[in-house]
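Peer 1: Before anything else, here's the structure in question.
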Amino acid sequence: AQLTAVDDDRARDLNAKHLELKRNHESLNRQIGAVEQKRKQGQDAAAKAQTELESAKLQSEKAETARRRLAVARETEEMCKGLLAVRTQETRGELDERLKEVFGRMCFRPYVPALTDDFRLTLSTSLGGDIIPVAKSTGESQILALSFVGVMAELARKRYQDTVAKRDTAGLLSFHGGVFPLVLDAVFGTLDDTYQDGVADVLPTLAPQVIVLVTRGSAKDTIREKLWPATGKTIVCKLYTSKPGESDADVDTPNGTEAYRVAITENRDRSELSEV
Numbered sequence: 027a028q029l030t031a032v033d034d035d036r037a038r039d040l041n042a043k044h045l046e047l048k049r050n051h052e053s054l055n056r057q058i059g060a061v062e063q064k065r066k067q068g069q070d071a072a073a074k075a076q077t078e079l080e081s082a083k084l085q086s087e088k089a090e091t092a093r094r095r096l097a098v099a100r101e102t103e104e105m106c107k108g109l110l111a112v113r114t115q116e117t118r119g120e121l122d123e124r125l126k127e128v129f130g131r132m133c134f135r136p137y138v139p140a141l142t143d144d145f146r147l148t149l150s151t152s153l154g155g156d157i158i159p160v161a162k163s164t165g166e167s168q169i170l171a172l173s174f175v176g177v178m179a180e181l182a183r184k185r186y187q188d189t190v191a192k193r194d195t196a197g198l199l200s201f202h203g204g205v206f207p208l209v210l211d212a213v214f215g216t217l218d219d220t221y222q223d224g225v226a227d228v229l230p231t232l233a234p235q236v237i238v239l240v241t242r243g244s245a246k247d248t249i250r251e252k253l254w255p256a257t258g259k260t261i262v263c264k265l266y267t268s269k270p271g272e273s274d275a276d277v278d279t280p281n282g283t284e285a286y287r288v289a290i291t292e293n294r295d296r297s298e299l300s301e302v
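Here our numbering is used: the first residue of the sequence shown is 27, the next is one more, and so on.
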């Protein structure tokens with residue numbers, strides 16, 4: 027303030043220069059503050075970016091691991107599909123071959139059964155060198171189904187025996203199988219005499235245990251001649267009836283005659299299984 031009042035041009039010029047430098051200094055301080063603020067923001071942004079980069083790397087590693095696992099899973103799936111296709115065709119071929127043998131022993135017609143790729147049962151014959159499909163009668167449909175069920179049980183038993191023999195070395199393509207009884211109800215009901223004989227000849231060979239349910243009047247001669255010699259156990263279902271006018275009836279068994287229907291006076295109708 028005093029210098030401004032001095033009547034000296036040099037003093038006034040120096041004072042003006044001082045004021046200008048002061049203003050410049052203050053402006054530079056403000057610029058430095060702004061730059062410091064931006065630098066701080068840049069540091070914060072860099073730290074955040076570094077964190078995101080590390081997280082992205084981690085996610086990328088996880089994603090890569092997931093991609094590798096997915097690739098392995100898909101390769102395994104394709105391998106299993108291939109193994110299943112091979113095993114399915116092998117099994118179908120075994121069943122088809124054995125089906126032809128078993129059906130041929132039961133059927134007196136020159137018909138040939140087949141198991142298609144989708145495991146459907148067909149019946150055909152050769153006419154003039156051409157294979158043509160044939161319509162199945164009720165009896166032929168019955169023995170065709172019986173043949174298929176029988177060879178299925180037979181194959182399962184064979185696979186089970188192979189697995190037991192190999193024990194822990196069976197491998198991925200193994201099928202454990204099992205030993206199953208064959209249970210048949212009214213198997214002779216719609217068959218003529220020739221078919222009955224063929225079925226009766228084959229039945230004991232289809233499974234280790236075959237359970238056949240028959241009525242007293244069904245295939246008497248066939249059962250007596252074919253099945254009785256192979257029968258291990260006979261069970262009669264006895265009917266106790268109080269219906270007026272009913273009389274007792276017997277049934278022949280490998281071990282003699284047994285009561286089949288019993289007339290009773292009390293009102294307590296029932297059926298009982300009796301081993302003979």
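Virtual Cβ for every residue (Gly too), placed ideally from N, Cα, C. All figures in this text were calculated on a predicted structure; none of them were measured in a lab.
#1: Assign Val236 to one of three DSSP states: helix, strand, or coil.
#2: Compare the Cα-Cα distances from Gly176 to each of Asp156, Pro207, Ala161 and report the closest residue.
#3: Below 8 Å on the Cβ atoms is my contact criterion, and I expect Val277 with Tyr286 to pass it. Report the Cβ-Cβ distance as a whole number of Å.
#4: Within the same chain, show all residues whose beta-carbon is closer than 8 Å to that of Thr257, passing over the 5 residues directly before and after it, in chain order.
#5: Provide the residue span of the alpha helix (DSSP H) that contains Glu127, from first to last.
#6: So the beta strand (DSSP E) Ile261 belongs to, where does it begin and stop?
#7: Residues in the same chain with beta-carbon distance under 7 Å from Val232, minus the five sequence neighbours each way, listed in chain order, please.
#8: Out of curiosity, what's the CA-to-CA distance linking Leu45 and Asp34?
#9: Quick check: what's the CA-CA separation for Thr102 versus Arg183?
#10: Counting along the chain, where does the alpha helix (DSSP H) carrying Gly154 start and finish?
#11: Could you tell me which of Cys133, Thr148, Leu109 sits nearest to Ala140, measuring between CA atoms?
Peer 2: Checking against the coordinates, here is how it stands:
#1: Counted from its first residue, the sequence shown places residue 236 at position 210. Strand.
#2: Within the sequence shown, residue 176 is the residue found at index 150, counting from 1. When each option's Cα is compared against that of Gly176, the closest is Pro207.
#3: Position 251 of the sequence shown, counting from 1, holds the residue named residue 277. Position 260 of the sequence shown, counting from 1, holds the residue named residue 286. About 4 Å; that satisfies the 8 Å criterion.
#4: In the sequence shown, residue 257 corresponds to position 231, counting from 1. Excluding sequence neighbours, Thr257 sits near Pro280.
#5: The sequence position of residue 127 within the sequence shown is 101, counting from 1. Its alpha helix (DSSP H) spans residues 35-132.
#6: Position 235 of the sequence shown holds residue 261. First-last of the beta strand (DSSP E) with Ile261: 261-267.
#7: In the sequence shown, residue 232 corresponds to position 206, counting from 1. Reading off the sequence shown, one finds Leu at residue 232, where the question assumed Val. Gly176, Ala179, Glu180, Leu208.
#8: As a working mapping, residue 45 is identified with position 19 in the sequence shown. As a working mapping, residue 34 is identified with position 8 in the sequence shown. If I take the Cα positions, the gap works out to 17 Å.
#9: As a first step, residue 102 is located in the sequence shown; it is residue number 76 there, counting from the start. As a first step, residue 183 is located in the sequence shown; it is residue number 157 there, counting from the start. Near 29 Å, if we compare the C-alpha coordinates of Arg183 and Thr102.
#10: Here residue 154 corresponds to residue number 128 of the sequence shown, with the count starting at 1. Gly154 -> no alpha helix (DSSP H), and no H or E assigned at all.
#11: The residue you call residue 140 lines up with position 114 of the sequence shown. Of the listed residues, the one whose Cα sits closest to Ala140 is Thr148.
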